[in-house]
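Numbering (the working numbering), first residue to last: 64 to 494.
Idealized CB from N, CA, C, for every residue including glycine.
Just so you know, these numbers come straight off a predicted model, no measurement behind them.
The structure under discussion appears below in the form of structure tokens.
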């Protein structure tokens, strides 16, 4: 009713304007897991209070703040004559929301995706304005955390397409449209295969193969990352157990599985992994779990206990994308990782750039001092592989050796192995 009256007023008085701001608190499920449900509810009350106070500070006492559902709010911003003023008002509100929130001994800095729709003569009903603000907010989510977007034509269609993809992904997890491809990890000294990293792919019935960069962020935002991750872990373990039963695999060939922050932070992760290993008949020493530094930062209170529980099962732990996160060196000492995965950004220039060579050499020296193994990611040339080998890096992966392959291709390669070990036939031993 409030929006209906304001829309009528805007039609009568062209000099008076208002806008609708759609606010979605980001990663609220993770906040609930960190603070508990009481803490999450307290945060929502604090957010509502901050939104109301921010509107009042702009001398718009008639502005209305409403909680829609979950962690989403709607704000009617009055007295904004143009999109520029609406965006400025929304920016002020975001700065207020970002102030740290203290709950008992926990402290979080809320972030939000925000969408603005400025009322004009094209809107006949308040529902249309709310819909477009929501479309802009959905667009903001696709651009990264803490983004603010003003509605423009085309967003409505993109928002609808995103909702459809979310529904399609949920169906894909249930119906078998997802598949795993496996990228070999190579012993640089011998070019033999030490293991595989499992990477999820989506064969959409209408769109064909969809890139993980498109659907993984959607899965994380929607909460589908947990069932997707559970499927990926189970399928990777099942496939490795099958290969070991079919082929003469004597050495501890392993499969590496990436854990999302949501998976890593779930209660009882070690028990769940243990159940998967038992169900698939895979030994724990044939499984590696890859954890990013951002996952550690998102689960600081529980990370150490979780990793110790996983280590007690006999599972290897990889720090993924080493060097790109928050405080890598501190994490090496605090958490029981077995292996570092050097990010591809350090590998790209290693064949000719002295700075890259020195950085990678320092990482390798550090790993040796901590008795940790190292995998170099993103190797694309023979020169990179040779330089890494000369620096003492034991393992590598990248397109120089092999693109990710489907399970059938990996099986055919394993079936053709000889007594010298599992080897990629197209890649020579580096000298």
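> Do residue 152 and residue 89 have their C-beta atoms closer together than 7 Å?
Replying inline: In the chain shown, counting from the first residue as 1, residue 152 sits at position 89. In the chain shown, counting from the first residue as 1, residue 89 sits at position 26. Taking 7 Å as the Cβ cut-off, residue 152 and residue 89 do not qualify as a contacting pair.
> Looking at the unbroken beta strand (DSSP E) that takes in residue 247, where does it start and where does it end?
Replying inline: As a working mapping, residue 247 is identified with position 184 in the chain shown. Note, residue 247: beta strand (DSSP E), 241 to 250.
> residue 410: which of 92, 306, 424 and 181 sits nearest, CA to CA?
Replying inline: The sequence position of residue 410 within the chain shown is 347, counting from 1. Nearest option by C-alpha distance: 424.
> Does the distance from the CB of residue 351 to the CB of residue 381 come in under 7 Å?
Replying inline: Along the chain shown, one-based indexing puts residue 351 at 288. Along the chain shown, one-based indexing puts residue 381 at 318. For residue 351 and residue 381, yes; Cβs fall inside 7 Å.
> In its own chain, which residues sit with a C-beta less than 6 Å from the C-beta of residue 332, not counting the 5 before and 5 after it?
Replying inline: One-based indexing of the chain shown puts residue 332 at position 269. Only 369 meet the Cβ criterion.
>> Here's a check: name, in chain order, each residue in its chain whose Cβ is nearer than 7 Å to the Cβ of residue 128, leaving out the five neighbours to either side.
In response: To locate residue 128, count along the chain shown from 1; it is residue 65. For residue 128, where only same-chain residues beyond five positions count, the Cβ hits under 7 Å are 111, 114, 115, 118, 136 and 138.
> At what residues does the alpha helix (DSSP H) containing residue 378 begin and finish?
Replying inline: Along the chain shown, one-based indexing puts residue 378 at 315. Where residue 378 is concerned, there is no enclosing alpha helix (DSSP H), given that its DSSP letter is neither H nor E.
> Which of the three DSSP states, helix, strand or coil, is assigned to residue 205?
Replying inline: For the purposes of this step, residue 205 is identified with residue 142 of the chain shown, where counting begins at 1. Here residue 205 sits in helix by DSSP.
> What number of angstroms, rounded off, separates the C-alpha of residue 491 from the C-alpha of residue 462?
Replying inline: Here residue 491 refers to the residue found at position 428 of the chain shown. Here residue 462 refers to the residue found at position 399 of the chain shown. Per-residue confidence for residue 491 stands at a pLDDT of 47, beneath the threshold of 50, marking its modelled position as unreliable; the derived number appears in the next sentence. About 14 Å.
> If you pair each beta-carbon of the region 422 to 441 with each one of the region 213 to 228, do three or more pairs fall below 8 Å?
Replying inline: no
> Taking buried to mean at least 16 other C-beta atoms within 10 Å of its own C-beta, is residue 214 buried or exposed?
Replying inline: Here residue 214 corresponds to residue number 151 of the chain shown, with the count starting at 1. Buried: at least 16 other Cβ atoms inside 10 Å.
>> To the nearest angstrom, how far is the alpha carbon of residue 493 from that of residue 473?
In response: The residue labelled residue 493 in the question sits at position 430 within the chain shown. The residue labelled residue 473 in the question sits at position 410 within the chain shown. Unreliable positioning characterises residue 493 in this predicted model, as indicated by a pLDDT of 48, which lies under 50. The coordinate reading is nonetheless provided below. Distance between the alpha carbons of residue 493 and residue 473 is about 22 Å.
> Can you name, in chain order, every residue of its own chain whose Cβ lies under 6 Å from the Cβ of residue 345, other than the five neighbours on each side?
Replying inline: Reading the chain shown from its first residue, position 282 is the one you call residue 345. Excluding residues within five positions, the ones whose Cβ falls inside 6 Å are 300, 303 and 304.
> With 16 as the cutoff for other CB atoms within 10 Å, does residue 277 come out buried or exposed?
Replying inline: On the chain shown, residue 277 is found 214 positions in, with the first residue counted as 1. It is exposed - the Cβ of residue 277 has fewer than 16 other Cβ atoms within 10 Å.
>> Please tell me whether residue 413 and residue 420 are closer than 7 Å, where the distance is taken between their beta carbons.
In response: Counted from its first residue, the chain shown places residue 413 at position 350. Counted from its first residue, the chain shown places residue 420 at position 357. Closer than 7 Å, so yes.
> In terms of alpha-carbon separation, which member of 167, 150, 160 and 91 lies closest to residue 134?
Replying inline: For the purposes of this step, residue 134 is identified with residue 71 of the chain shown, where counting begins at 1. Per the Cα distances, 91.
> Excluding five sequence neighbours on each side, which residues of the same chain lie with their C-beta closer than 7 Å to the C-beta of residue 82?
Replying inline: Position 19 of the chain shown, counting from 1, holds the residue named residue 82. Hits under 7 Å: 140, 143, 149, 179, 180, 181 and 182.
> For the 8 Å Cβ check, are there 3 or more pairs between the region 328 to 342 and the region 265 to 276?
Replying inline: no
> Can you tell which of 323, 334 and 338 has its C-alpha closest to the C-alpha of residue 357?
Replying inline: By one-based count along the chain shown, residue 357 stands at place 294. Among 323, 334 and 338, the Cα nearest to that of residue 357 is on 323.
> With DSSP run on the structure shown, which of helix, strand or coil describes residue 440?
Replying inline: One-based indexing of the chain shown puts residue 440 at position 377. Correct three-state label for residue 440: coil.
> Does DSSP classify residue 491 as helix, strand or coil?
Replying inline: If you number the chain shown from 1, residue 491 lands on position 428. Confidence in residue 491 is poor, its pLDDT being 47 and thus under 50, which makes the residue's placement unreliable; the coordinate value appears in the next sentence. It is coil, neither helix nor strand.
> With DSSP run on the structure shown, which of helix, strand or coil describes residue 139?
Replying inline: Position 76 of the chain shown, counting from 1, holds the residue named residue 139. Strand, per DSSP.
>> Can you find the residues in the same chain that come closer than 6 Å, C-beta to C-beta, to residue 476, ignoring five residues on each side of it along the sequence?
In response: Walking along the chain shown from the start, residue 476 turns up at place 413. Hits under 6 Å: none found.
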